[in-house]
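Residue numbers for the sequence shown follow the working numbering, beginning at 379 and rising by one. Written below as structure tokens is the structure these notes are about.
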Amino acid sequence: MDRFEAMRTLVAAVDAGSLSAASRQLNIPLPTVSRRVSDLETLLGCPLVVRTQRRLLLTEAGAAYVASARRVLDELAEAERAVSGEYRAPRGELLITAPIQFGKTHVAPIVHEFLDAYPEVTVRLALTDGIVDLVEAHVDVALRLGHLPDSRLVSRRVGTLRWLACASPDYLARRAPPATPADLTGHACIAYEGLELWRDWTFAGPRGEQTIVVRPRYSVNTADAVVAGAAAGLGIAYVMSYQAAESLRDGTLVEILRAWAPAPFPVQIVHAPRAQLPVKLRAFLDFVTPRLQRRLRGVAAIVDGGRAPDDRPI
379 MDRFEAMRTL
389 VAAVDAGSLS
399 AASRQLNIPL
409 PTVSRRVSDL
419 ETLLGCPLVV
429 RTQRRLLLTE
439 AGAAYVASAR
449 RVLDELAEAE
459 RAVSGEYRAP
469 RGELLITAPI
479 QFGKTHVAPI
489 VHEFLDAYPE
499 VTVRLALTDG
509 IVDLVEAHVD
519 VALRLGHLPD
529 SRLVSRRVGT
539 LRWLACASPD
549 YLARRAPPAT
559 PADLTGHACI
569 AYEGLELWRD
579 WTFAGPRGEQ
589 TIVVRPRYSV
599 NTADAVVAGA
609 AAGLGIAYVM
619 SYQAAESLRD
629 GTLVEILRAW
639 APAPFPVQIV
649 HAPRAQLPVK
659 LRAFLDFVTP
669 RLQRRLRGVA
679 AIVDGGRAPD
689 DRPI
């Protein structure tokens with residue numbers, strides 16, 4: 379039995395949720411996956427997993443063993459990368475995560491340029507609106523919008539974005555624009571329904587933040603569809619500034635309630651702390667940082683004229 383291969387197989391099965399899913403992920407026959415896990419259990423003299431019809435569950439001993447196996451495999455991979463030259467020249471694979479719409483609009487184009495500049499580096503770009511555990515998922519670098527809940531991560535701030543309310547000129551010609559956030563309760567609103575339904579819209583005001591709970595006439599599960607609905611005159615949308623920037627520039631959308639725009643939030647590039655960064659990661663960080671900064675300045679130039687809104691109430 380190759381113990382390292384057996385450990386990799388067990389970890390893959392746990393991460394994938396089943397032996398069959400691990401078989402597909404590793405591209406090896408299901409009997410081989412099952413045999414490797416069984417061989418480990420025989421070697422250790424105790425069951426590591428409980429096989430159910432729907433999911434693979436770890437025993438108490440299995441949970442402890444998998445945690446140790448992850449550390450061993452990480453150290454082995456680190457040693458292999460060092461020996462193979464990953465710390466001398468940019469080469470190897472990078473796993474990058476970013477929010478879906480932000481990733482499509484701003485991260486993917488930069489990744490395309492990076493791949494042209496560094497032919498020995500391969501990239502897996504995973505776009506998801508969920509928060510990924512960088513260590514557990516073995517992610518090299520992530521783009522995060524907002525303040526970081528995990529202070530252990532190493533971060534680079536590359537700019538800011540903000541939330542804004544907007545509607546089409548056609549809609550605003552038919553309905554009197556809201557003068558205050560409270561007026562939104564009398565308007566048709568469009569809500570983003572992603573991982574959760576965003577019905578709580580937050581604004582700034584003379585007495586601090588205020589949250590308006592809207593009753594959406596239309597809800598949809600992608601940000602670009604929210605923007606398209608607003609541009610079609612269906613109602614008022616509440617989106618991030620980069621999502622509405624192109625429509626604001628071409629005049630199909632108009633920002634409203636600008637005086638109540640909430641405070642900007644940071645855009646950050648984050649990675650797990652390491653004693654030594656692989657050259658491929660340092661190269662990507664140095665490559666992506668100035669390009670994202672330029673893109674976010676471009677968004678600000680469209681949305682705010684290159685400056686923060688100066689008409690909020692005091």
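By construction, the Cβ of each residue, glycine as well, lies at the ideal position given by its N, Cα and C atoms.
In the structure shown, the three-state DSSP call for Arg402 is helix. Leaving aside the five residues that flank Thr667 on each side, the residues in its chain whose CB is nearer than 8 Å to its CB run, in chain order, Arg534, Val536, Ile647.
Rounded to the nearest whole angstrom, the CA to CA distance from Pro559 to Ile590 is 7 Å. Taken through DSSP and simplified to helix, strand or coil, Ser446 comes out as helix. For the pair Leu435 and Val427, the Cα-to-Cα distance works out to about 5 Å. Taking the Cα of Leu473 as reference, the smallest distance to any Cα among Ala486, Asp494, Ala467 is reached at Ala486.
Annotation note: the segment 510 to 595 contains the following uninterrupted alpha helix (DSSP H) runs of length 4 or greater, listed N- to C-terminal: 547 to 552. Partner residues in the beta bridge of Leu434, as assigned by DSSP, are Arg429.
With a 10 Å radius around the Cβ and a threshold of 16 neighbouring Cβ atoms, Val450 comes out exposed.
By the neighbour-count definition (other C-beta atoms within 10 Å, threshold 16), Cys424 is an exposed residue. Under the DSSP assignment, Tyr620 falls outside any beta strand (DSSP E), being part of the alpha helix (DSSP H) whose first and last residues are 619 to 628.
In this structure, the straight-line span from the alpha carbon of Ser546 to that of Phe480 is close to 22 Å. Taking a C-beta distance under 8 Å as the contact criterion, Cys544 and Leu674 do not qualify as a contact pair.
Bounds of any alpha helix (DSSP H) do not take in Arg502; it lies within the beta strand (DSSP E) bounded by 499 to 505. For Thr475, DSSP records a beta bridge to Ala504, Ala520. Distance check between Leu422 and each of Tyr549, Tyr443, Asp518, Thr430 places Tyr443 closest, using alpha-carbon atoms only.
Straight-line spacing of the CA atoms in Ile634 and Gly586 works out to 19 Å. Judged by their CB atoms, Leu542 and Ser619 are nearer to each other than the 8 Å cut-off. If you ignore the 5 residues before and after Gly508, its C-beta comes within less than 6 Å of no other C-beta in its own chain. According to DSSP, Gln646 shares a beta bridge with Arg522, Arg535. For Val605, the uninterrupted alpha helix (DSSP H) run begins and ends at 601 to 609, by DSSP. Counting along the chain, Val666 sits inside the alpha helix (DSSP H) bounded by residues 657 to 681. Remark: C-beta atoms of Tyr596 and Gly607 approach each other more closely than 8 Å.
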